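Residue numbers (our numbering), protein chains in the order written: chain R, 7 to 441; chain F, 4 to 296; chain V, 305 to 674.
Report on the structure given below.
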Amino acid sequence: MAIDRRRFLKNSALAAGAIAAPHVWIPGVREAGAASLVEGEPIKVGILFSLTGSLAVPEEDSALVMQYAIDEMNEAGGINGQPIEPIIIDAKSDFKVYSEKARELILRDKVISIFGCYTSASRKAILPIVMQQESLLFYPTCYEGAECTQNTVCTGPLANQHSKDLIPYMVEQFGPRVFFVGSNYVWPKESNKNAKIWLEEAGGELLGEEYVPLGSSEFGPVLNKIRAAKPDFIFSTVVGASDIAFHRQFKQAGFSADSMPIASLTTGEIETKAMGAEYGAGHFLSAPYFQALKNPTNEKFVEGFLSSKYGKNGTTHYNMEETYTSAYVFKGALEKAIAEHGVGDVTSRRVRDAAAGVKVSADVSPEGEIWIDENNFNTWLVPKIGQCQPDGSFKIVKEAPEHVAPDPYSIYPDIGVCTAEGLKTPDGNIRKDVI
Amino acid sequence: MDFTLASFVNALILGLSIGSIFLVAALGLTIIYGTAGVINMAHGEFIMLGAYASYTLQNYLGVPFFLCIPLSFVVVALIGLVIERLLIRYLYDRPLDTLLATWGVSLVLMQGVRLIFGSDPKYIQMPSFLSTNIAAGPISVSIFRVFIFLVGIGLVAAVWWLFYKTEFGIKLRAVTQNKEMAASFGINSGQVYALTFALGAGLAGIAGSLFGVLNIVLPTMGMGYVVEAFLIVVTGGGALLGSILASGVTGEAQSIFAYIFNDTFAQFLVFVLIVIFLRFRPQGLIATGGARR
Amino acid sequence: MEKNLYHNRLLQWLVYVVFFAALAVIPLVMDDAFLLNQLATYGVYGMLALSISLCWGFGGILNLGQGIAFGLGAYGMAMTMQMQTQDPEYSPIPPFMLNNGLDALPAIWEPFWNTGFGIALALIVPTVFYLIFGGLMFQARVAGPFFAIMTLAILSALATLFVDLQPYTNGVNGISPPAALDIGGFVIDPYMSTSYWVVFALLVLSTVAAKLLTQSRFGLIVQALHNDSERVRFLGYNVAIYETLVYAASGLIAAIAGCCFAFLTQYVSPAQFDVGFSISMVIWAAIGGRNSLLWAIIGAFLVQGAQSYVGDEFLNSWILILGFSFILIVRFLPGGLGGLAETLLGMVSRKRETQESLTVGAGEPETRGA
């Protein structure tokens, strides 16, 4: 059975909500209700993170820092003189709740934008509704890329930015032989594909690549394989509770950070605090932000946040900071959209389009200046490498010399290039909503 | 990955360790199920409570780690006793309902702990000599894993002694075999069940204080153990010896499959093999003598 | 003869008609895309509770792994929808496969080019899976809690498998078909009343079919089996076949629910095989009343509705409330809310017919109701 191109196009068009022929015989058919702003009224945004359940550990912090950022902006007079009104939702670490609540935020509350999600799975769960209703999602964390939608802005590092400096640095410092360990899902595998490219450039040698089930706490078999392979260092994309178990069992198995450090993309301030600093000390992390960054903006951010009513968890970390900057990217984009179209004609999609090239300057962004790519709407940022100290804080040992460009399709040039209008495939077609 | 004798031996040793972790996790469940026929879905949360008990004792009262382990037993056993008196004792003749009620208990415990302690992970400190390894050439094993293994043996010995060498054990076995007849000999089966339930909960508490060090202390940490523990109990047939054998075999299988393939596939394979095994031997490895299904 | 009004067949059907009529009125008076979508999702949960009620309340088989059929059905539907947005010439394979190192469509995906065939597979695969698994288990006389644990094991194994087969399933991230389901030009847009009507029709259909099944001769034997399977066996019936069939029937309903869920949310992932979700299906049926198909559906509506609306008010205490109410219901009200209604109606009926003996129909869990 063949699917003709017309039908394909029709589906895409429907997906975009562009044409929706009313089914006359069915009562209650409605046009997609797009969100818009009214002069003087509060600007409604949705904050969709898990405050309970297994994802609460990183996500609760994101929800808190979002509220902190919004308070900060409101105290400074809001955006265009209008206050921002956050609608805070607990997604309960359940993809069904993500999906339902995203609908509620978009269809009922008519928020101009949603800030939310931590795992790619939850992002994928809400993207269909976000895309269909031409809404907007600010996704503030690192992810694998290979996605080209017209309704998202991402402020975390992509797989092609994340380990670019880390791998050559580790090879240079500790030797060429490396072992990859990751949680068994999409992001670690994609990150490792990128890491392999940097590894080859740096003249390193990959001894093995192992994935443990997500949430697993048994690292015995992997550690045995590492013992047999005798690498110079380990590159880890293990996430969440597993990551803590991994670091503990690593030390309990007699390995030492001095002779075989773990270079991680995830083990930040909250993880080392949870595992106990003695298990984290000596290992490395690549991230655009560390609590220990020495610059006035960060010092102000850390002090301000921790002393505010939202700072109860006692630490700041990269994921949180990426969420914080996403609020300011939104501010910049919204101001631009209002200037271009006037308040009454601002839509979610126009805010997203206006986000192209929006800069968050170094006196606002704790990680230093960042800006949004004009084509793929990911973020230009400076990855940094930190080494965990015996007290659990990080010491910055290397900073990329310049901003690294985000490229969601860096390892799949055959698939196409992400442009503002959609994925440009090698045959010249533009495909919308590629997820 | 190349096959070498050393790494295979390491895999075998690890299998024993994984088996002992399974056994420690499943021991309390075995006793509760084997004696009273109660499917305790809150078992994982009892493990979690054990970890939190250790954390609280260590962090707020400064109790040393080795003392936290037996104290966790006491704390969780008491909680178990309360739950048994308030709820479980009314449900002994409704096995499916105990399963559901204990699921409700697990929800309440998990959320209760979250409300009290917050959802961020906690940290139990242990003496530093435990957090290294013993090596003989290429063969290596972590001391903490040896420690868990020894605790496992100790617990099995203690339970065995309790079952077969004490008066309580005689009563317990009598009630297990025939509740009515035991009652006619003046054995208070309600009391026996209550103590058994508390014992099983306490054993889970010990497991928790160990797993909290091995992995992580979180309100949700128990969920990962409960299905595995059940499969051990069911594969073993509900008897003590059965659970020992079942955890040894599944531990080795998990380790060797992970050695040959990878961790994810090993997990899948073990699940499937257990289901196939139970298709042909639904009574489990060691069939208990009683009339239990 | 029982005189409890609750057991009056005519009255039962009347209640069904009233209930479904009320559901049918909603989209006529309501014009809220979100609410319709949400109610349609509840309809899916209702189907799941119905399937649990059929299997557990009626057939006596506690099934903690109903997510197996639900998930397989949802995957089948999501694969069908995904292939609808693909084009044999321009984009022959889903984007995620390219990232996973596949350059041709795997054979297992080929049938999903055809919408009808794909949907058929989404229903047949889980049903056949249930027939085989149930057949094997029941033949070996695995029953009661053991069977429940086995379903849990299979559920966990499937979740692991779907995660591990990342090139074919996109692993943990799951499949999000970017466009609505289109059956021969008829588009089931999840944000219009169309999708509500489709789910509603399927809910009515499966409820009526299940109800007729319980009232048939087949149903009578299954019911007998629930009360005393040994006796039925001695009467010469092949117990395993009856158990397998009722289990598979409930699987088919769950698979239908899975299909609906996929087109409503346009998303499917291994989280569909989550143990917690499968157990919450049992919770719905238990709170509503496992012995009654209709009450089980109501249970799903109530619990999920409360989760959506009460949950945010109390946020943290919600799970605590759910846990406690579940414990209380299991402890004091094994028949759930339906059981309560049965008891109350029984009291009313008895008052009206004072000559009736007090021993009849006082809400015993064994008596089968609506």
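All C-beta atoms, glycine included, are put in the ideal place defined by N, C-alpha and C.
The structure presented is a predicted model; accordingly, all values stated were derived computationally and were not measured.
Is the beta carbon of F121 of chain R closer than 8 Å to that of T385 of chain R? The beta carbons of T385 of chain R and F121 of chain R sit no closer together than 8 Å.
Does M585 of chain V get closer than 8 Å to chain F when you measure Cβ to Cβ? No, no contact with chain F.
Considering only residues of the same chain and omitting the five flanking positions on each side of L8 of chain F, which have a CB-CB separation below 8 Å? In the same chain as L8 of chain F, and ignoring 5 residues on each side of it, no C-beta atom comes closer than 8 Å to its own.
Length of the line joining the Cα atoms of I119 of chain F and Y295 of chain R: Roughly 31 Å between the two C-alpha positions.
Residues of the stretch 214 to 230 of chain R with Cβ closer than 8 Å to any Cβ of chain F, in chain order: Among the residues of the stretch 214 to 230 of chain R, those with a Cβ less than 8 Å away from any Cβ of chain F are G214, E216, Y217, V218, P219, G221, S222, S223, E224, G226, P227, V228, N230, in the order of the chain.
Under 8 Å, Cβ to Cβ, is there at least one residue of chain R near Q527 of chain V? Between Q527 of chain V and chain R, the shortest Cβ-Cβ separation is not below 8 Å.
Length at least 4, wholly inside the stretch 248 to 331 of chain R: the alpha helix (DSSP H) runs in chain order: Entirely contained in the stretch 248 to 331 of chain R, the alpha helix (DSSP H) runs reaching 4 residues are, in chain order, 275 to 281, 283 to 286, 302 to 313.
Can we say the stretch 347 to 364 of chain V touches the stretch 72 to 91 of chain F, given the rule of at least three CB pairs closer than 8 Å? The stretch 347 to 364 of chain V is not in contact with the stretch 72 to 91 of chain F.
Would you call Y613 of chain V buried or exposed, if buried means 16 or more other Cβ atoms sit within 10 Å of its Cβ? The residue is exposed, with fewer than 16 neighbouring Cβ atoms inside 10 Å.
Would you mind reading off the limits of the beta strand (DSSP E) that contains F186 of chain R? From DSSP, the beta strand (DSSP E) with F186 of chain R extends over 183 to 189.
Check each candidate in V:P481, V:F630, V:H311 and name the one with the smallest Cα separation from Y571 of chain V. Comparing Cα positions, the closest option is V:P481.
What is the DSSP secondary structure of D336 of chain V, reduced to helix, strand or coil? Three-state result, D336 of chain V: coil.
Report the neighbours of A138 of chain F on chain R: residues whose CB is nearer than 8 Å to its CB, in chain order. Chain R residues near A138 of chain F: G260.
Confirm, please, whether the CB-CB distance from N191 of chain F to R254 of chain R is below 8 Å. Not a contact, by the Cβ cut-off of 8 Å.
Is any beta-carbon of chain V found at less than 8 Å from that of E66 of chain R? Not one chain V Cβ lies under 8 Å of E66 of chain R.
What is the DSSP secondary structure of F239 of chain R, reduced to helix, strand or coil? Strand, per DSSP.
Helix, strand or coil, according to DSSP, for L429 of chain R in the structure here? Strand at L429 of chain R.
Chain-order list of residues whose beta-carbon lies under 6 Å from that of A378 of chain V (same chain, five-residue window excluded): Excluding positions up to five away in sequence, the list reads G562, F565, A566, V572, Q576.
Residues bridged to E87 of chain F [DSSP beta-bridge criterion]: Beta-bridge pairing by DSSP links E87 of chain F to no other residue.
Taking I453 of chain V as the reference, give the member of V:G369, V:G523, V:G475 with the closest Cα. The shortest Cα separation from I453 of chain V among V:G369, V:G523, V:G475 belongs to V:G369.
Comparing alpha-carbon positions, which option in R:L429, R:N435, R:E427, R:H409 lies nearest N166 of chain R? Among R:L429, R:N435, R:E427, R:H409, the Cα nearest to that of N166 of chain R belongs to R:H409.
Apply the 10 Å Cβ neighbour rule to R443 of chain R and answer buried if 16 or more other Cβ atoms are within range, or exposed otherwise. No statement about residue 443 of chain R is possible, as the shown extent of chain R runs from 7 to 441 and does not include it.
With 7 Å as the limit, tell me which residues of the stretch 105 to 121 of chain F have their beta carbon closer than that to any beta carbon of chain V; keep them in chain order. The stretch 105 to 121 of chain F vs chain V, Cβ under 7 Å: W106, G107, V108, L110, V111, Q114, G115, L118.
Quick one: measure Cβ to Cβ for V187 of chain R and E150 of chain R, integer angstroms, because I've assumed they're closer than 8 Å. Contact check for V187 of chain R and E150 of chain R: beta-carbon distance about 17 Å, past the 8 Å limit, so the pair fails to qualify.
So N542 of chain V contacts chain R; which residues on that side make the cut at Cβ distance below 7 Å? Within 7 Å Cβ-Cβ: nothing; N542 of chain V doesn't reach chain R, min ~39 Å.
Run through the stretch 4 to 70 of chain F for me and flag every whole alpha helix (DSSP H) of 4 or more residues, listed as ranges in chain order. As far as the stretch 4 to 70 of chain F is concerned, its whole alpha helix (DSSP H) runs of at least 4 residues are 8 to 39, 46 to 64.
Own chain, CB closer than 6 Å to F442 of chain V, minus 5 neighbours either side, in chain order: Once the five neighbours on either side are set aside, the close Cβ partners of F442 of chain V are A544, E547, T548.
Below 8 Å, can you find three or more Cβ-Cβ pairs linking the stretch 311 to 324 of chain R to the stretch 119 to 139 of chain R? Judged by Cβ distances under 8 Å, the stretch 311 to 324 of chain R makes no contact with the stretch 119 to 139 of chain R, as fewer than three pairs qualify.
Could you name the residues of chain F that G282 of chain R contacts, counting a contact when the two beta carbons are closer than 9 Å? Within chain F, the residues whose beta carbon sits less than 9 Å from that of G282 of chain R are Y126, I127, Q128, listed in sequence order.
State yes or no: is the beta carbon of R282 of chain F nearer than 8 Å to at least one beta carbon in chain V? Judged by the 8 Å Cβ criterion, R282 of chain F is in contact with chain V.
With a threshold of 8 Å between beta-carbons, can S460 of chain V be considered close to chain F, or not? A Cβ of chain F is located within less than 8 Å of the beta carbon of S460 of chain V.
Cα separation between H311 of chain V and F421 of chain V? Between H311 of chain V and F421 of chain V, the C-alpha separation is close to 41 Å.
Measuring CA to CA, which of F:H46, F:L17, F:S23, F:I42 is closest to V229 of chain F? For the residues F:H46, F:L17, F:S23, F:I42, the minimum Cα distance to V229 of chain F belongs to F:H46.
Run the CB neighbour count on P331 of chain V, radius 10 Å, all protein chains shown included, and call it buried at 16 or more, exposed below. Counting Cβ neighbours within 10 Å, P331 of chain V comes out buried, since at least 16 surround it.
V103 of chain R versus Q608 of chain V: straight-line alpha-carbon distance, rounded: Linking V103 of chain R to Q608 of chain V through their CA atoms gives a straight-line distance of about 11 Å.
Taking 8 Å as the threshold (C-beta atoms), are A161 of chain F and G83 of chain F in contact? At the C-beta level, G83 of chain F and A161 of chain F stay beyond 8 Å of one another.
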